[in-house]
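Let me begin by presenting the structure, written as structure tokens, before commenting on it.
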Amino acid sequence: MSPGGEGFRASYSSAFRGYLFEPCESALRAAYELGREAVGQELSVLDLALVHQEALLSELREVDSANVVHLARQAGDFFLESLSAYEMVQRGFREARDAALIERRHAEILRQLSSFLTDASLALDASDSIEEMLQLVAEQARDLVAADGCLATVALGAEDTTIEAGSRSPATPVAAAGDSSTPRNRLVAPLTALDGRQLGSLQLFDKQNGEFTAVDQAVLVHLAQMASAAVERAALYRAHDAVVRPPRPAGR
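Counting in this note's numbering, the sequence shown runs from 22 upward without gaps.
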């Protein structure tokens, strides 16, 4: 133990003796404060246990055998209270670690969303862009949220031509329209046009670990919004092409 630890040993012994003499709440509070001081001095739990053992042995030499059990119980209470400061520190470390994991997860989601935007732009310039874009959205949504399956559906034109694209994990088939099987859990976000019309939906099935979370919902809604804008843009391209290049009459 460091030289600073010698002063801590004396403080601990004095507070411990005071608690044995008058086991009140304020005296027990001193044990917690000593635990905090030990943490601040970077003393280990073993260091604290050794200091406590020395203080206990010193008191045992002065007590008669009839009071040994009672003293041991009081000593246990005092020591456990001093250890609670270490528990608070460990809890803080765990919370900080969990927060860091969440922050890294959010950063990874943002990176993947940025990559998605680039890929979606390329898909829109390709032939059959709506189908390719929906397939890309389904794959990205399933991967980002870690779900077993995703189904993207869009209805276009006056005849409501339906376009679907799905993505599934290798071990689990994706749900399909009219499928009677019931997924374990489901998350849905609508694809909506700027004028409020519903273009379709983006559905996730069966979270791989547990239940869908609020973060999962936010990711899916964000993807659905981007997909909605892309679908409208692609539909305009299709309509423009139909006007510029009308179908040739039969027989020519």
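Cβ coordinates follow ideal geometry from the N, Cα and C atoms, glycine included. Keep in mind it's a predicted model, so treat the numbers as computed, not measured.
Neighbourhood of residue i by C-beta distance below 6 Å, restricted to the same chain and skipping five residues each side
{"i": "Ala-167", "result": "Gln-229"}
{"i": "Val-242", "result": "Ala-210"}
{"i": "Leu-177", "result": "Ala-256"}
{"i": "Gln-156", "result": "Ala-186"}
{"i": "Glu-102", "result": "Leu-49, Ala-52 and Tyr-53"}
{"i": "Val-72", "result": "Arg-30 and Tyr-33"}
Close beta carbons around residue i, own chain, < 7 Å, minus the five adjacent residues each side
{"i": "Ala-245", "result": "Ala-210, Pro-211, Leu-212 and Leu-223"}
{"i": "Val-60", "result": "Ala-106, Tyr-107 and Val-110"}
{"i": "Val-158", "result": "Ala-173, Leu-223, Leu-244 and Ala-248"}
{"i": "Ile-184", "result": "Ile-151, Glu-152, Leu-155, Val-175 and Leu-177"}
{"i": "Arg-57", "result": "Ala-106"}
{"i": "Phe-114", "result": "none"}
Nonlocal neighbours in the same chain, by C-beta distance under 8 Å from residue i, ignoring five residues either side
{"i": "Val-89", "result": "Leu-81"}
{"i": "Val-66", "result": "Leu-104 and Tyr-107"}
{"i": "Ala-70", "result": "Phe-100"}
{"i": "Gln-95", "result": "Tyr-40, Leu-41 and Pro-44"}
{"i": "Ser-201", "result": "Confidence is the limiting factor: at Ser-201 the pLDDT is only 44, short of 50, which leaves the residue's position unreliable, though a coordinate-based value still follows. Excluding sequence neighbours, Ser-201 sits near nothing in its chain."}
Residue burial classification, residue i (beta-carbon count within 10 angstroms, cutoff 16)
{"i": "Glu-153", "result": "buried"}
{"i": "His-91", "result": "exposed"}
{"i": "Gly-217", "result": "exposed"}
{"i": "Leu-77", "result": "buried"}
{"i": "Leu-165", "result": "buried"}
{"i": "Ala-36", "result": "buried"}
{"i": "Gly-84", "result": "For the sequence presented, residue 84 should be read as Val rather than Gly. So Val-84 counts as exposed."}
{"i": "Phe-233", "result": "buried"}
{"i": "Ala-239", "result": "exposed"}
{"i": "Asp-237", "result": "buried"}
{"i": "Leu-122", "result": "exposed"}
{"i": "Gln-161", "result": "buried"}
Cross-strand partners of residue i (DSSP beta bridge)
{"i": "Ile-184", "result": "Val-175"}
{"i": "Leu-208", "result": "Leu-225"}
{"i": "Arg-189", "result": "Gly-170"}
{"i": "Thr-234", "result": "Per DSSP, none; premise fails for Thr-234."}
{"i": "Gln-219", "result": "Thr-213"}
Residue i CB to nearest heavy atom of the ligand ATP below 6 Å
{"i": "Leu-64", "result": "Judged by which ligands are present, the structure shown has none, so any question about the ligand ATP falls away."}
For this session: Mind listing, in chain order, the continuous alpha helix (DSSP H) runs of no fewer than 4 residues lying wholly within the stretch 28–109?
Result: 46–61 and 66–81
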